[in-house]
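To keep things clear, I will list the structure first and then write my remarks on it.
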Amino acid sequence: MTAFWILAPVMVLAALGILFVRKAVHAALLLAVVMISLAVLYAVLEAPFLFAVQIIVYTGAILMLFLFVLMLVGVDASDSVVETIRGQRVLATVFGLVLGLILVIGISQVTFGAAVGLDEANNGGNVPALANLLFSKYVFAFEATSALLITAAIGAMVLAHRERLTPKESQADAANRRMREYAATGRHPGPLPAPGVFARHNAVDTPALLPDGTASEASISRVLAARGSVRSAPALADDIEEVQRQLGQSPEQSPEVAGKSGAAATTEEQDAPGSEADAGASSSTNGAEEDEQ
Amino acid sequence: MIAMLDSVPVMASGELASFGNDPWWLLLFKAVMIFVVLVLLTLFNIWWERRVVARMQHRIGPNVHGPFGLLQSLADGVKLALKEDLIPKAADKVVFILAPVLAVIPAFITFSVIPFGPEVHMFGERTPLQLTDMPVAVLFVMAIASIGIYGIVLGGWSSGSTYSLLGGLRSSAQMISYEVAMGLALVAVFLYAGSMSTSEIVDAQASTRNIDVLGLDVPVPGWFAIILLPSFVIYVIAMVGETNRAPFDLPEAEGELVGGFHTEYSSLKFALFFLAEYINMATVSALATTLFLGGWRAPWPISAIWEGSNEGYWPLIWFFAKMMMFIFMFIWLRGSLPRLRYDQFMAFGWKRLIPIALLWIVAVATLRAITLEGGIERGQLLIIGAVFLVVFLVVMLLPESKKADDAETEEPPAGGFPVPPMPTQGAVRGAAAPLVFHEED
Chain A
23 MTAFWILAPV MVLAALGILF VRKAVHAALL LAVVMISLAV LYAVLEAPFL FAVQIIVYTG
83 AILMLFLFVL MLVGVDASDS VVETIRGQRV LATVFGLVLG LILVIGISQV TFGAAVGLDE
143 ANNGGNVPAL ANLLFSKYVF AFEATSALLI TAAIGAMVLA HRERLTPKES QADAANRRMR
203 EYAATGRHPG PLPAPGVFAR HNAVDTPALL PDGTASEASI SRVLAARGSV RSAPALADDI
263 EEVQRQLGQS PEQSPEVAGK SGAAATTEEQ DAPGSEADAG ASSSTNGAEE DEQ
Chain B
82 MIAMLDSVPV MASGELASFG NDPWWLLLFK AVMIFVVLVL LTLFNIWWER RVVARMQHRI
142 GPNVHGPFGL LQSLADGVKL ALKEDLIPKA ADKVVFILAP VLAVIPAFIT FSVIPFGPEV
202 HMFGERTPLQ LTDMPVAVLF VMAIASIGIY GIVLGGWSSG STYSLLGGLR SSAQMISYEV
262 AMGLALVAVF LYAGSMSTSE IVDAQASTRN IDVLGLDVPV PGWFAIILLP SFVIYVIAMV
322 GETNRAPFDL PEAEGELVGG FHTEYSSLKF ALFFLAEYIN MATVSALATT LFLGGWRAPW
382 PISAIWEGSN EGYWPLIWFF AKMMMFIFMF IWLRGSLPRL RYDQFMAFGW KRLIPIALLW
442 IVAVATLRAI TLEGGIERGQ LLIIGAVFLV VFLVVMLLPE SKKADDAETE EPPAGGFPVP
502 PMPTQGAVRG AAAPLVFHEE D
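So the protein sequences, as listed, match chains A and B.
At position 100 of the first sequence the residue is numbered 122 (the numbering used here), and the sequence of numbers has no breaks.
At position 269 of the second sequence the residue is numbered 350 (the numbering used here), and the sequence of numbers has no breaks.
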């Protein structure tokens, strides 16, 4: 009973949450909470097999498929609250209340026979007892259900099946096609180049530079090119001057934060960083910056 | 009446009578021990994996911190905990925080039904070296593992990033597919053990059989890995797929998806995912040990020579040795095999592994039914079955025929896309008639 009084409020709250949360994924999660709580209740009621099957089938398989679909629909798809059918909300409330009333009245009229008891039902172990029932008294229902499930699975496969009109391109075919294209049009047979990677900027909207310094068209997504939101690498290099203007001084002359501001500019050993005579001699860029000021 | 019901142990039938009698403090102690062992095992496994992979690549691996570098993973763990904890702007905050917790808790829970040893004396109480057992313990493991998938799916979804979403989808699809094959591989074990409880499955593998090979009596351990070899092979393949490890680590294919579902995670949340992955590796290894390699029982030559090898705390050695063997196999696979392509991997799972597992179950059930009835001699049956099996395996593993190559050479219309037929007057020339919308009254 303890488990019931702990789980029942959780289940009711989660079930109400399914109705009131906006995001479909949250609703699915709350449904998972309800189902797992239900499974735990089965375990408490000494039905361990039902407990395992409830989690494996409902939580593990069916609800996971729900989640799949919801996730593919959109990352932040939330329910619209606009009423599409006029008067739907009022009608739904009325019919829901009527249904609830009928259920309450109907169930309160039912009387149950005396319970046989769990010991009787689980005689010889829960799993063997269940198997004995399934494969003797209910064997026809069991087989009919399995036939139904197989029909549904085959139906889904038939509906989703698409007749292949062209032969599938194998890896060897693809390689041959690429080489033929290379011979005919000179298109590079290898994979597309990655976008540009620079010390100050690393993004998909910056094209990579070819050895001659021009931007490689193939290195950026066609979508970005069509949108016109492609940056150019030389323009990014010019940005440095803009940053320097905003800072009011050159980055090299700002106080050392990481201790390495001058290190990248030179390949020579720096004898005594900080002494002005050495800074001019060892690092050409540092010297140039100082000359400007 | 209620008091009486409460006092009845939940699993009163058969062998499981030794469970459910422990005082609460002993249960707590066992639970804490499992937790501590799993965390330490994870630290050890990380170090071990790095060392072994390093050896395989002619490197040395971590060898600075502590003896043999054993404390390296501890240092890494501390470093990970001290990193900045980022939550992306686009993330769904609640689910983002919930996901790693959902991944790691089921990983710990599954170990509660793994038997580490026989009944021992612990603090003056006689108790089995296992937290609990139930008639459906193995199904329980499968169920809890399927909850663990939620952590990965939700982690991928809630990050609000394409890489994460794709990684999460991939990994959950993979785990669900390979869980089917895994479950089918277990069915044969259930049939032979006559139970789904882990401790009873271990007991069912206790007896040593003598098999007559060329006039010699060769004792063979009653391990299901030997009796049910195909099941064992299927399980081992499926367990690598189930744990997202190389060569099946497509969800984390760094060349395609950065880090997969955990791309956006950092600090302790990432550490939880990391922990879950390594514990899952230990879980499937422990389950394989329990179901196929005789669990905590000593391997045959030792058990024959040494009477007390299966008593007291000694079985812990055999159990962990067998388990570490599987983990070494995981590391070895990672060190030697390249990653599969995703479609090939899924096709292998659905078109090869699951049908083979199904056929094998039908064969095992038939064999079992016939031998129980006592109709035909067992040896003949085995030979007939083996012939069928070989034929089926060859047919299944042959590459798909390439008869489609020259069947159709003519070009299908519109490149194979379903398009409506052309208008009868031919293609529309010039501007089409403007669309007119009629206002509804």
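Note that beta-carbon positions come from the ideal geometry of N, C-alpha and C, so glycine has one too.
Using a Cβ distance threshold of 8 Å, Thr-208 (chain B) and Asp-103 (chain B) count as a contacting pair.
For His-183 (chain A), no alpha helix (DSSP H) run applies, since DSSP gives it neither H nor E. Excluding its 5 nearest sequence neighbours in each direction, Asn-144 (chain B) has C-beta neighbours in its own chain below 6 Å: Gly-150, listed in chain order. Excluding the 5 residues flanking it on each side, Met-320 (chain B) has same chain C-beta neighbours closer than 7 Å at Met-263, Val-365, Ala-369, in chain order. Judged by pairs of C-beta atoms under 8 Å, the stretch 373-386 of chain B does not touch the stretch 337-349 of chain B, as fewer than three such pairs exist.
According to DSSP, His-48 (chain A) shares a beta bridge with no other residue. The beta carbon of Leu-309 (chain B) sits closer than 8 Å to those of Ala-269, Val-270, Tyr-273, Phe-373, Val-445, all from its chain and outside the five residues before and after it, given in chain order. A check of alpha carbon separations from Phe-400 (chain B) across B:Arg-378, B:Glu-454, B:Thr-243 identifies B:Arg-378 as the nearest.
Counting only unbroken stretches of 4 or more residues, the alpha helix (DSSP H) elements lying wholly within the stretch 353-423 of chain B are 381-386, 396-417, in sequence order. In its chain, beyond the 5 residues on either side, Thr-370, Leu-374 have a beta carbon closer than 7 Å to the beta carbon of Lys-403 (chain B). At the C-beta level, Leu-179 (chain B) and Ala-363 (chain B) stay beyond 8 Å of one another. Residue contact with chain B for Ala-83 (chain A): present (Cβ-Cβ distance below 8 Å to some residue of chain B). Bounds of the alpha helix (DSSP H) holding Arg-136 (chain B) are 105-137.
Less than 8 Å separates the beta-carbon of Phe-177 (chain B) from that of Ser-240 (chain B).
For the stretch 232-258 of chain B, residues whose beta-carbon sits nearer than 7 Å to a beta-carbon of chain A comprise Val-234, Trp-238, Gly-241, Leu-246, Leu-250, Ser-253, Ile-257. Listed along the chain, the chain B residues whose CB falls inside 7 Å of the CB of Val-149 (chain A) are Pro-216, Val-217, Met-277. Shortest Cα-Cα distance from Ala-438 (chain B) to any of B:Leu-267, B:Val-201, B:Arg-449 involves B:Leu-267. Taking a C-beta distance under 8 Å as the contact criterion, Arg-415 (chain B) and Leu-331 (chain B) do not qualify as a contact pair. The Cβ atoms of Val-161 (chain A) and Phe-71 (chain A) lie no closer than 8 Å to each other. DSSP places Pro-181 (chain B) within a helical segment (H, G or I) once states are collapsed to three. For Pro-199 (chain B), there is no enclosing alpha helix (DSSP H); the residue is found in the beta strand (DSSP E) stretching over 198-203. For the pair Glu-392 (chain B) and Pro-196 (chain B), the Cα-to-Cα distance works out to about 14 Å. The stretch 124-140 of chain B makes no contact with the stretch 233-250 of chain B, as fewer than three CB pairs between them are under 8 Å. Close to Ala-46 (chain A), with beta-carbon spacing below 8 Å, lies no residue of chain B; the smallest spacing is near 11 Å. In this structure, Ser-278 (chain B) lies near Pro-216 (chain B), with their beta-carbon atoms less than 8 Å apart. Under the Cβ criterion (8 Å, minimum of three pairs), the stretch 182-194 of chain A does not count as touching the stretch 207-218 of chain A. Taking CB atoms only, Phe-221 (chain B) has a neighbour in chain A less than 8 Å away. Boundaries cannot be given for Glu-191 (chain A), as no alpha helix (DSSP H) includes it and DSSP labels it neither H nor E. Using beta-carbon distances, Ser-348 (chain B) does not count as an interface residue toward chain A, since no partner is under 8 Å.
Within chain B, the residues Tyr-231, Val-234, Leu-235, Trp-238, Ser-253 have their CB atoms less than 9 Å from the CB of Leu-89 (chain A), given in chain order. When DSSP states are grouped into helix, strand and coil, Thr-208 (chain B) belongs to the strand group.
For Pro-229 (chain A), no CB of chain B lies under 8 Å from its own CB, so it is not counted at the interface with that chain. Take the alpha-carbon of Leu-63 (chain A) and the one of Leu-41 (chain A): they are about 23 Å apart.
Excluding its 5 nearest sequence neighbours in each direction, Thr-81 (chain A) has C-beta neighbours in its own chain below 8 Å: Ala-54, Met-57, Ile-58, Ala-61, listed in chain order. Non-local beta-carbon contacts of Ala-197 (chain A) in its own chain, meaning distances under 7 Å to residues more than five positions away in sequence, are absent.
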